[in-house]
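Residue 47 in the UniProt record's numbering is what sits at position 47 of the sequence shown, and the numbering runs on without skipping anything.
Even for Gly, the Cβ is constructed at its ideal location relative to N, Cα and C.
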Amino acid sequence: MDLRNNLFGRRAGGYSPAPARPQNPSAGGYGGDSYGAGNYGGGGYGSAPGGYQLQPGGRQVPLRLAKVEDKTLQAQYIFGNICAVSPNDFPPNRDASDLYIRLSGRAPGDYVVTARPTPGFPDGCISLSDPQRTWANIGIMDEVLGELYDPFSQGGSAYIGSLDVEIGFASQKKMVDAPYDQDELERIFVKNFQNQVFSPGQRLLMDVHNVPLAIMVKTVTLIDLSMERKQSSEPPTRSDPGARGILTNQTSISFYNSPKYPIKLKGSSKRPAANAIIRPDFKFEDMGIGGLDTEFSTIFRRAFASRIFPRDLIDKLGIMHVKGLLLYGPPGTGKTLIARQIGKMLNAREPKIINGPEVLNKYVGQSEENIRKLFADAEKEYKEKGDESGLHIIIFDELDAVCKQRGSGAGGGTGVGDSVVNQLLSKLDGVDQLNNILLIGMTNRKDMIDDALLRPGRLEVQVEISLPDESGRLQILKIHTAAMRKNNIMGSDVDIAELAARTKNFSGAELSGLVKAATSFAFQRHTKAGTMAGVREDAGNMKISRQDFLDALNEVKPAFGTDEAELEKVIEYGIIHFSPSISAILNRGMREVETVRQSERLRHTSVLLHGPPGSGKTALAAHIAMKSGYPFIKIITPASIYRHRDEFAKKDYLYSVFTDAYKSPLSMLIIDNIEELIEWNPVGPRFSNSFLVALVTLIKNTPPKGHRLLIMVTTSQLSVLEQLDVRRAFQFEIRVPAVQTLSEMSAVLAEYEEPEHINHVLSKVSEYTGSDRVGVGIKTILAVNESVRSGGVADPAEQFAEEIAGEIAKYNYSSSGR
């Protein structure tokens, strides 16, 4: 079937004649100065030209703006989206149908309007309403070029299959409370503007029951003869002529509320979302937030999906909209930015934004009153309009500042904290329930928020905004370097993908800081020597190079990541393969690393490394950690614990380390010398039971869903863990042996000494001990050797043998149980 013939009955010489135009349907209407129309009106209301016949020549006509003097005709043209032109400039078609004229001027782009040759209208002029001039960026004194436009000249799609338009009141003085039916609006729109050409961004006025409505086209979906669709939501430009099409009586039209003067829309029988709150032209990339595709999908599905379906369907389901959304995660991951940017995707009023500490007030009852004020507008509108009420969004930053666990003493013992939580609970899900609110809370400490706030009906949707992965970091870096790349300031040697791979555990804020730090190094290169205020003459040719970013990486460190300096400190001697058991230990450790990384079930593993003192347990664990490639690695040593004075502070520090580990998708913790951490003392015996319980509980605790954790614990006193019934808390054990024989000691010393010296040392050790057995930790051997080499002793071999013999005797004594 030929859709052209079906819709327009095209034949030689043009399309079929138009039906008779209605006579002045906007009579009693509006002067040219009303509702932003200006004095430059044109076009007839309800015009439905039957066809279009391209005039020969295709010439461009210079046009100035002029007004239609007849007030009745002027209103007709304004509300019909028609421009008046002179018949001498653009002769009328044989069937008296309207013309399509392409306008181009000083502003970039070209714009197609529907024009009507009007007898008596001055030559070289065109009338444009205020919405048309705003859309086309044409000033009152501007001159434009006009030429006839053939919508089929570009080939392909020329008809509009569906149209998304934003609709609202044109004037604050002419607003009504009665809801508008979408189906009726569609019939009026098609009747008024059928056969006109539309493109994204186009503005026009429409009269509905003597109330002027302002309309802006958001998206245009074209349909070709084979019913294939293609969509464009970009403003029309010379390079994109396909972003416009002809409105037909079969075009599907969807209406969305204008944020300026919104109207109430009733449900449509053809489509859902009469009062859709999601802008039709919204794109996530417009928000300037990267790496959160999954999180945005969850937010939309849980908090907004129910709001785009018809009210009657929601009533049939018997559900209420989600009222609360909690965004939590590490600092700098974009929680506040997401909440603020959500307004860009909504056809709703501006959100109310409040910071948690601002709620608190020293006067009695004022803190609770501040909470009530946040909901006052939503309560008033809901009482007046019920479910037709618009959505009220409240953004609550630093929620944990005022919504701590009740009974915890928040508020200085005055009970203010508890009262604030109670007031917020009653507003979210009290006796008088509101269905027109959405509270978006943000916090870095979800654990501090009162549990009652987190149950369904309140802040029931809880989305973790975690550290971005590599693809997320790539998106974020592209956003922050977009201006550099667009303006050709970024060097050709900069690889954004390489930077994304190098920035493990960087938050979005830290990636922004990295880009700024790289820029500062470029600024430094273009600063005059000897002055901080002078700029070199070649500053205009500045480029941000790869080296600038590498220098920035040395300066900007992630708050959550690998403490490489601490790890390198414990393996300062390196890893020496003095025995086949060392390779076996490393292979076993890497096996557990890969298991935690890849396994679907074993996402959490604890490994106990035990062996004699100085056998290299911590060094081997640190080496495995650095080879693992995990983004978050932390080592907990007795020194880091003892920096905190009391037992409560020590437990808080321990808990914070595990909490930080849970924030990364893949983490490793090394707990060094567990017997010292719990303050074990064999006299008594004595130890910190509360700290031990806290530590064992955290070791056995499974991380949150989507997070993986490997824990490596070292001990030199396995019998102590056996006595404390702690040994079974670990899933796997790895024994780390000491240096057992003189041949193994030779392999250790070979890393630092000459063969002749080693033979002399070994013979001396054999004389002192009378045996080939050693049984001393590698760390002890290396420390003694380093001390002898740098101590300036007369006979290093003799001194080494004497001290090592003492260590061997000490080990044999302790191992014998005496």
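In this structure, Arg102 lies near Asp110, with their beta-carbon atoms less than 8 angstroms apart. Between the segment 392-399 and the segment 326-345, the count of C-beta pairs closer than 8 angstroms reaches three or more; the two stretches touch. With a contact defined as Cβ atoms closer than 8 angstroms, Phe198 and Ile160 qualify at about 6 angstroms. Just measuring C-alpha positions, the residue of Ala565, Thr595, Gly574 and Gly291 sitting nearest Ile633 is Ala565. Judged by their CB atoms, Val515 and His526 are not nearer to each other than the 8 angstroms cut-off.
Around the C-beta of Ser86, 16 or more other C-beta atoms lie within 10 Å, and the residue is accordingly described as buried. Taking every protein chain shown into account, the CB of Met668 has 16 or more other CB atoms within 10 angstroms, so this residue is buried.
Beta-bridge analysis with DSSP links Asp164 to Thr219 and Ser254. Secondary structure of Arg301 (DSSP, three-state): helix.
In the structure shown, the three-state DSSP call for Thr605 is strand. Counting the other CB atoms within 10 Å of its CB gives Pro262 a total of 16 or more, which places it among the buried residues. Secondary structure at Val208: strand, using DSSP grouped into helix, strand and coil.
The residue from Ile585, Asp432, Lys617 and Gln462 with its alpha-carbon nearest to that of Lys779 is Lys617.
Our two residues, Asp418 and Ala452, have alpha carbons roughly 12 angstroms apart in a direct line.
The beta carbon of Ser512 is closer than 6 angstroms to those of His480 in its chain, skipping five residues each way along the sequence. Excluding sequence positions up to five before and after Pro62, its CB lies within less than 7 angstroms of the CB of Gly124, Glu143 and Leu145, all in the same chain and listed in chain order. By a beta-carbon distance limit of 8 angstroms, Asn81 contacts Thr114. Their separation comes to about 6 angstroms.
Under the criterion of beta carbons closer than 8 angstroms, Leu467 and Ser628 do not qualify as touching, at roughly 17 angstroms. Under DSSP, the beta-bridge partners assigned to Thr714 are Leu609. Using a Cβ distance threshold of 8 angstroms, His707 and Tyr662 count as a contacting pair. The beta carbon of Arg372 sits closer than 8 angstroms to those of Gln423 and Lys427, all from its chain and outside the five residues before and after it, given in chain order.
One alpha carbon belongs to Ile711, the other to Pro331, and they sit about 24 angstroms apart. In the structure shown, the three-state DSSP call for Tyr149 is coil. Shown here, Ala559 sits in coil according to DSSP, grouped into three states, outside any helix or strand. In the three-state scheme derived from DSSP, where H, G and I count as helix and E and B as strand, Asn785 is classed as helix. Leu453: not part of any beta strand (DSSP E); DSSP gives it neither H nor E. Listed in chain order, the non-local C-beta contacts of Ile699 below 8 angstroms within the same chain comprise Ser606, Ile671, Ile711, Val713, Ala729 and Phe730, local neighbours out to five positions each way being set aside. Bounds of any beta strand (DSSP E) do not take in Ile78; it lies within the alpha helix (DSSP H) bounded by Lys71 to Gly80. With respect to the C-alpha of Arg458, the residue from Asn487, Asn435 and Leu425 having the closest C-alpha is Leu425.
Rounded to the nearest whole angstrom, the C-alpha separation of Ile253 and Gln202 is 15 angstroms. Sorting Val593, Val322, Thr294 and Gly291 by C-alpha distance to the C-alpha of Ala305 places Val322 at the top. His392 is bridged by DSSP to Ile437.
Asp646 counts as exposed, since fewer than 16 other beta carbons sit within 10 angstroms of its beta carbon. Phe523 has its alpha-carbon roughly 8 angstroms from the corresponding atom of Met542. Taken through DSSP and simplified to helix, strand or coil, Thr248 comes out as coil. For Lys634, the enclosing beta strand (DSSP E) begins and ends at Phe632 to Ile636.
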